[in-house]
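This report refers to the structure that appears directly beneath it.
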Amino acid sequence: MGYWGYFVVGRGERPLGEYEALAGAAPELTRARRPTGEGWQLWEYPSGDGDVGSMNVLARETGAPALFGYVMDSACVVVEAAAPESGAWTACLGRAAMARYLGAGQEGLTLDDYFLEPRDAAERAAAWAAEAGRTVAAEPLLDVLTADSDELAENMLFRFLGRLGVVPL
């Protein structure tokens, strides 16, 4: 069995667990060991149950972009992101595995009914990064968004975050 849990990325003057947006998860949030820099914080909430909080509210509270990556059994990741100006978007990493978990194709729904198409997600992610003060091309993000490998989903998430410029590669 693989890893189940959230990684929370944001930039704030206080530890992210102190913001109201993450109050319900705060007792179990732990600062991840990867260095971030420039005020970016990476926190972990290991849990297959429940919800970590609201990244929309976290972005509003901190005044900076926020991103949640929910890793499912180390096979795929739900990426939810928000920024005060550019708004919210949702994508996934490990699309084939995600389709299996969601049963996509059943009842006429496809993966694109749940998540942005990879090219659209790459564009939204580049805009998110721009709002975070980073200049990021969409193409390297698209490479991660379309990758379906045997790689651990956590590693795909960290590669995505690295390409967004919020954690070192």
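Numbered continuously in the working numbering, the sequence shown closes out at residue 1570.
Ideal placement from N, C-alpha and C gives every residue a C-beta, glycine not left out.
Under the 8 Å Cβ criterion, the region 1494 to 1506 counts as touching the region 1540 to 1559, having at least three qualifying pairs. A direct Cα-Cα distance of roughly 9 Å separates Tyr1446 from Ala1427. In the three-state reduction of the DSSP assignment, Leu1503 falls in the helix class. Under the DSSP definition of a beta bridge, Leu1468 partners with Val1410 and Ala1482.
Boundaries of the alpha helix (DSSP H) harbouring Glu1462: Met1456 to Thr1463, taken from the DSSP string. Between the alpha carbons of Ala1530 and Trp1490 lies a distance of about 13 Å. The beta carbon of Ala1460 sits closer than 7 Å to the beta carbons of Pro1466, Ala1467, Ala1483, Ala1484 and Pro1485 from its chain, once the five residues preceding and following it are set aside; these are given in chain order.
Shown here, Ala1492 sits in a strand according to DSSP, grouped into three states. Straight-line measurement puts the Cα of Thr1511 at about 24 Å from the Cα of Gly1406. Residue pairing by DSSP places Thr1431 opposite Glu1445 in a beta bridge. Comparing alpha carbon positions, the residue from Arg1535, Val1537, Arg1412 and Tyr1404 closest to Met1456 is Arg1412. Counting along the chain, the unbroken alpha helix (DSSP H) around Pro1519 starts and ends at Pro1519 to Glu1532.
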